[in-house]
Every structure is written in structure tokens, then in C-alpha cells.
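Some notes on the structure that comes next.
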Amino acid sequence: MPQGQPSVVPDDGLTTRQRRNRPLVFVHTGPGKGKSTAAFGLALRAWNQGWPIGVFQFVKSAKWKVGEENALKVLGASGEGGTVVWHKMGEGWSWVQRDAQLDNEQAAKEGWEQVKRDLAAETHKLYVLDEFAYPMHWGWIDVDEVIEVLRSRPGTQHVVITGRNAPEKLVEFADLVTEMTKVKHPMDAGQKGQKGIEW
Numbered sequence: 004m005p006q007g008q009p010s011v012v013p014d015d016g017l018t019t020r021q022r023r024n025r026p027l028v029f030v031h032t033g034p035g036k037g038k039s040t041a042a043f044g045l046a047l048r049a050w051n052q053g054w055p056i057g058v059f060q061f062v063k064s065a066k067w068k069v070g071e072e073n074a075l076k077v078l079g080a081s082g083e084g085g086t087v088v089w090h091k092m093g094e095g096w097s098w099v100q101r102d103a104q105l106d107n108e109q110a111a112k113e114g115w116e117q118v119k120r121d122l123a124a125e126t127h128k129l130y131v132l133d134e135f136a137y138p139m140h141w142g143w144i145d146v147d148e149v150i151e152v153l154r155s156r157p158g159t160q161h162v163v164i165t166g167r168n169a170p171e172k173l174v175e176f177a178d179l180v181t182e183m184t185k186v187k188h189p190m191d192a193g194q195k196g197q198k199g200i201e202w
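Structure, rendered in C-alpha cells:
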């Protein structure tokens, strides 16, 4: 296993092991492709460690078939690694607010309530809150409440949040923040998404 050395060792009274095993909050944001893909890659690592995984898919259509969903569900049911539970809350595309905005807002709020219940019960070891930055950005879910819930979550539960326009307060609070920046994309040349790449 790689033994990376941190550039700073804080004077926090924790042992190296305690600091290493601290639960983390990840944020994958920015306008580039790959935010959810990276989160699902993290879920594969968690599955391999035997961790129970909860995926909460916000805003994207509940009818949309995400390729990682089938793969992770099959792996979760295999008995080889961790379990996987997948929740879909949204009815509309994350980058387009449709007429059904009120329904989307209610679905996002209900999804957040489920996340809070699962965190309190320590149901999962890894939570993937896919596209969760959007409900906060749109004002549907209070950022300060999200931060407080995550700050006070029990146990060693890791949480990864994806989506463009992650609120600055969340970025400041998170332990790891990655901003995906588009340099080039096939859509710039008029090419639509394709199977195996976008879904």
C-alpha cells in the first residue's frame, strides 16, 4: 500500500492512525465532465473494502439509466464486497430546470431527509450524493444545515457530493475538493453523448 507523507502534520492531539481514519467529506464540482464518474470510482474502492454504500441520485431523471447503477447493484448483490443501496429522487435534468421544478424541489428535500436519517443510523460507510450541489445552489436545501449535519454525523461515514456550482461554504468545509475544468469536449464539435461514455 502506498505510504504517502502529508506535507503538514497538524498539532491536533491525534495519532497518525486516528488522523488517517478520520471520516471525510469530498466535493466534486466544476463545469467539466467526470464528477459523478469519479464518485462512482470511489464507490468501487469502498465496495472492494466491504463497505455498505448508499447512492442518492438527486435531480437527474429517475428514468435515466446510469451505467454505474447496474454495475454497482450487481456488485452489491454478489456477496463479494459491500452492499449497495441506490435511491433516485429527481425527475428532471440537473442542468435544466423544467416546469416540474416544485416536484423536483420536493423530491430533493425528501432525499435529503433520507440522507439525514441514514447518517444518524450509520446505515452506510460511504454516501454518494450525486448532483447534490444543485439543490443547494438553487436554494432548495439550506447549505448551513447540510454542513451542520455532516459536521455532527456519527461514526466514520464518508460523504462525496457532486455537481456544478458547489456553494462556497461547502467547499470551505469539505476535506477534499476537486474542480473538474473542461479543456475540450466532443460536444464542442457537435458530437452528442454516446453509450459507454456518457451512460
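Per our numbering, residue 4 is the first one in the sequence shown, and the count goes up by one each step.
Using N, Cα and C, we set each Cβ at its ideal position, and we do this for glycine too.
Distance from the CA of Thr-165 to the CA of Arg-120, rounded to the nearest whole angstrom, comes to 20 angstroms.
One alpha carbon belongs to Val-162, the other to Trp-115, and they sit about 13 angstroms apart.
When DSSP states are grouped into helix, strand and coil, Phe-59 belongs to the strand group.
For Phe-29, no alpha helix (DSSP H) run applies; the uninterrupted beta strand (DSSP E) run containing it begins and ends at 28-32, by DSSP. About 28 angstroms separates the beta carbons of Val-87 and Trp-141, which is beyond the 8 angstroms limit, so they are not a contact pair. Bounds of the alpha helix (DSSP H) holding Glu-175 are 171-176. Secondary structure within the segment 108-170: the beta strand (DSSP E) runs of 3 or more consecutive residues, fully enclosed, are 129-133 and 161-165 (chain order). With fewer than 16 other CB atoms across the displayed protein chains lying within 10 angstroms of its CB, Arg-22 is exposed. Ranked by Cα distance from Ala-169, the first of Ala-74, Val-28 and Tyr-137 is Tyr-137. Where Glu-71 is concerned, the enclosing alpha helix (DSSP H) starts and stops at 70-80. Below 8 angstroms, enough C-beta pairs join the segment 29-49 and the segment 175-190 to call them touching: three or more.
In the DSSP assignment, Trp-89 falls within the unbroken beta strand (DSSP E) covering 87-91. The bridge partners DSSP lists for Thr-184 come to none.
Inclusion of Asp-147 and Phe-59 in the CB contact set at 9 angstroms is not warranted, their separation being larger than that value.
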